[in-house]
Each structure stands twice: as C-alpha cells, then as structure tokens.
Amino acid sequence: MKFFRITPAVCLCLTFLPLLLSAEALVVYSHRHYPSDDLLFAKFTEQTGIAVQVVKANAGELIERLRAEGENTPADILITADAGNLALAKAAGVLRPVQSEILTEAIPENYRDPDNTWFGFTLRARVMIYAKDRVSPDELSTYEDLADPKWRGRLLSRSSSHIYNQSLLASLIAANGEAAALEWARAVRRNMARPPQGNDRDQMRAVARGLADVAIVNTYYLGLLHHSPDARDREIAKQLRVFFPNQEGRGIHMNVSGGGVTRASSRPEQARQFLEFLVSEEAQNTFPLTTSEFPVVPGIPFSDLQQSWGEFTVDPLNLGTLGELNPSAVRLFNRSGWE
Ligand SMILES: [Fe+2]
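When the letters of the sequence shown are read in order and numbered with my numbering, they come out as residues 2 to 340.
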C-alpha cells in the first residue's frame, strides 16, 4: 500500500485522501520535497487568503494518481521536476491549458509548454562537477568530450532510468541525432568508475572520496551540500567545482521544475493565481537562496554561491522537445548498456 506525505505532518493512505483534504483549500500534488516550498506556499495563503494543502509523492505516482482519479481528483495543481515529467503529465491528459499574460510574459518561451499546459518556475543546470585537486578545467570542454577514452574510469553519473539523464540524452539527440547520442551513452558508460548507483549527491560524495574525477549532476545539489547542516557535506562541497560545458557551442542543458493546473480542477482561477505567484518577484527571489535553483524569470539575481560558479550560456532548445524525445532517449539508453 502506498503512503503519501501530506503537510503539515500528516501521513495517510491515499484511499482516504479525498475525504481528508479540505473542500476550501487549493490542493497541490507535488514531487518537490523542500521545506522552503511550504514557507513559500504559506506566503501565498497570507497574500490571497487561499489555503494550500500539499500532497507529496514522486512524479510517476502523482501522474498515475491523477489519471486514476479522473474528474474526482481533489488536486488543482501538479508540480514536478523536469520537463520530461511535465510532458508525460501533458500526454496523460491530466493538465489543462491556462491563459495568463503574467505567466507568458514572465517565463521565457522555451521554459513553458507551447500549449500552456505547464510552466517552468525554476531552472536546473545539468552539468559537470569535478575534483578541484585532480582536474584542471582546461581538460573539460563539452558533454560530447566525456565520451573520449581519456576519461576512462574517471566519470560518474546516476542510473539512466532517472528522468534527469533521460532529458540530458534527449538534448543530445536534439543536437547530434540518435546515432551519435547512442554512441555517446555507450562511451560515457564505458568511462564510468563504477556502475551507476545512488543520486546526484552520491556522485559528488564519491568524487570527493577520490572514486572518480568528474560527475554529471544538477548544480543545485552542490548548493544543497554547500548549505548542508552536516559538516561533512560542507567539506565535500569545498573540494568540488562546477564546469559549464559547450560554451563555444549550443550551451548547457537547462531543465525546469514546473507545474500546471489539473484538467479536473474545480478552482482553475485560484490555481492560475497560484502559478502566477510562483513567478512573482518575491517567489523567484527565494529559489536561489533556498534550493540553489536558478530563477526562471530573467533579471532575478543569482545567489552569491551561484555567482561564484561563473557565467554560462544555455542551450535554447524548447524543453517540450525533451518530452517528445523521451521515448527515444529511453530506447537508446537501453541499447547503450548504461543501466
Ligand atoms: Fe532533484
């Protein structure tokens, strides 16, 4: 039996969920797991008088739940990480188009669905981190270069079953075609210091331990280690540096965390207001400082830590493409031997 977490601190079986959610509150199904989100949602309630209840689970479970609940879902909003997941939600028919000038003016076109069913509200750079005592940044250049035999036994990344790597491979398919993307996945897997295991933070910890020299990860995890209450994590962060690849070419692979209004929401106006709140200056200013994600709205300042990583250019690919190419990415990974 599956259990979902509900804030504040209630844990209950989903079977009874609709009975326990308030008829008045906006119900948010969220894949995000940051305490700072709860504080942000409380600010929305303070400003609008609209209560928010959050149900947390992973993206696959939430999308499946929305599909199963159909018209009876208590959920008004779906929030998840990665454009690949947002595209899956769109394809599952659980989101509705939202017309909002506030959203379309605030969010650059490539970070929202062309049909307005989902909108990014934070940006996440999937790039390289390296051990500063064993790698010179001159050795690094592009994602493509990680296929070079000079990296044999020196790379790490998580499993190919994770959407972050699937979306990265989708961006490589978009840039270089399927055949080149398959060769890349094979070669990068060959260059790994161990079979893929653990999450992005585990890859960084392993690099800091000397197991490998370079890992493909999302930068906000380095921020989370840097700001961790655990002194060992903070020590690990000090041994690592961020490298932004493909700066002479298309730029880095950028992804989003985002959300949309459910097809069956009974409060679509309030749900739209909630999404608009997430791109407000107040909300956007909190993300760099709390989760170390980049703001989606241009002009919002980066945190000091983010600025210390340096400037970078970004692949302008429309992130809807990552969803379209997800099945190809999964198929190529299965053929590549990258578990
Ligand atoms: Fe993440």
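Heads up, the beta-carbon is just placed ideally off N, CA and C, and yes, glycines get one too. Predicted model, so just to flag it, every value in this text is computed and none were measured.
Simplified DSSP state of Ser-258, which is helix, strand or coil: In the structure shown, Ser-258 sits in a strand (DSSP, three-state: E or B).
Buried/exposed call for Ser-137, threshold 16 Cβ in 10 Å: By the 10 Å Cβ count, Ser-137 comes out exposed.
Buried/exposed call for Lys-57, threshold 16 Cβ in 10 Å: So Lys-57 ends up on the buried side.
Chain-order list of residues whose beta-carbon lies under 7 Å from that of Ser-172 (same chain, five-residue window excluded): Contacts found: His-254, Asp-316, Leu-318 and Leu-323.
Backbone secondary structure at Lys-133 - three-state DSSP: Lys-133 sits in coil when the DSSP states are folded into three classes, being neither helix nor strand.
Meets three-Cβ-pair contact criterion under 8 Å: the region 115–122 and the region 87–106: At 8 Å Cβ cutoff, the stretches touch.
Proximity test, Ala-82 beta-carbon vs ligand 1 heavy atom, cut-off 7 Å: Yes, since a heavy atom of ligand 1 falls inside the 7 Å radius drawn around the Cβ of Ala-82.
Contained alpha helix (DSSP H) runs [length at least 4] in the region 207–285, N- to C-terminal order: Runs of the alpha helix (DSSP H) inside the region 207–285: 220–227, 232–239 and 269–279.
Alpha-carbon to alpha-carbon, Leu-170 and Glu-429: In this structure the chain extends from 2 to 340, so residue 429 is not present and cannot be described.
Cβ-based burial, Ser-37 [other Cβ within 10 Å; buried from 16]: The residue is exposed, with fewer than 16 neighbouring Cβ atoms inside 10 Å.
Bridge partner(s) assigned by DSSP for Phe-295: According to DSSP, Phe-295 shares a beta bridge with Leu-124.
Cβ shell of Val-280 (< 8 Å), same chain only, five flanking positions each side left out: Non-local C-beta neighbours of Val-280 in its own chain, meaning closer than 8 Å and more than five positions away in sequence, comprise Ile-103, Leu-104, Ala-107, Ile-108, Phe-120, Phe-122, Val-297 and Val-298, ordered along the chain.
Cβ-heavy atom distance, Asn-219 to ligand 1, below 7 Å: Yes - ligand 1 has a heavy atom lying nearer than 7 Å to the Cβ of Asn-219.
For Gln-167, the three-state DSSP class (helix, strand or coil): Gln-167: helix per DSSP, three-state reduction.
CB contact flag (Ile-130, Leu-241, <8 Å): For Ile-130 and Leu-241, yes; Cβs fall inside 8 Å.
Beta strand (DSSP E) segment containing Gln-54, residue limits: Note, Gln-54: beta strand (DSSP E), 53–57.
Pair within 8 Å by beta-carbon distance, Val-55 and Ser-31: Taking 8 Å as the cut-off, the Cβ atoms of Val-55 and Ser-31 count as close.
One or two residues paired with Tyr-30 in a DSSP bridge: DSSP, once it has assigned bridges, lists Val-56 and Leu-79 as partnering Tyr-30.
As assigned by DSSP and simplified to three states, the class of Leu-89: Note: Leu-89 maps to helix in three-state DSSP.
8 Å contact criterion, which Ile-237 and Leu-226 should meet: CB distance rounded: Yes, they are in contact, since the Cβ atoms of Ile-237 and Leu-226 sit about 6 Å apart, within 8 Å.
Contact between the region 183–199 and the region 151–169 (3+ Cβ pairs under 8 Å): The region 183–199 vs the region 151–169: in contact.
Same chain, Cβ closer than 6 Å to Gln-271, neighbours up to 5 away in sequence not counted: So the list reads Leu-27 and Ile-51, once near-sequence residues are dropped.
Distance between Glu-294 and Gln-308 (C-alpha atoms, nearest Å): Looking at the two C-alpha atoms, the distance is approximately 12 Å.
8 Å contact criterion, which Val-95 and Arg-273 should meet: CB distance rounded: Actually they are not in contact, since the Cβ atoms of Val-95 and Arg-273 sit about 16 Å apart, beyond 8 Å.
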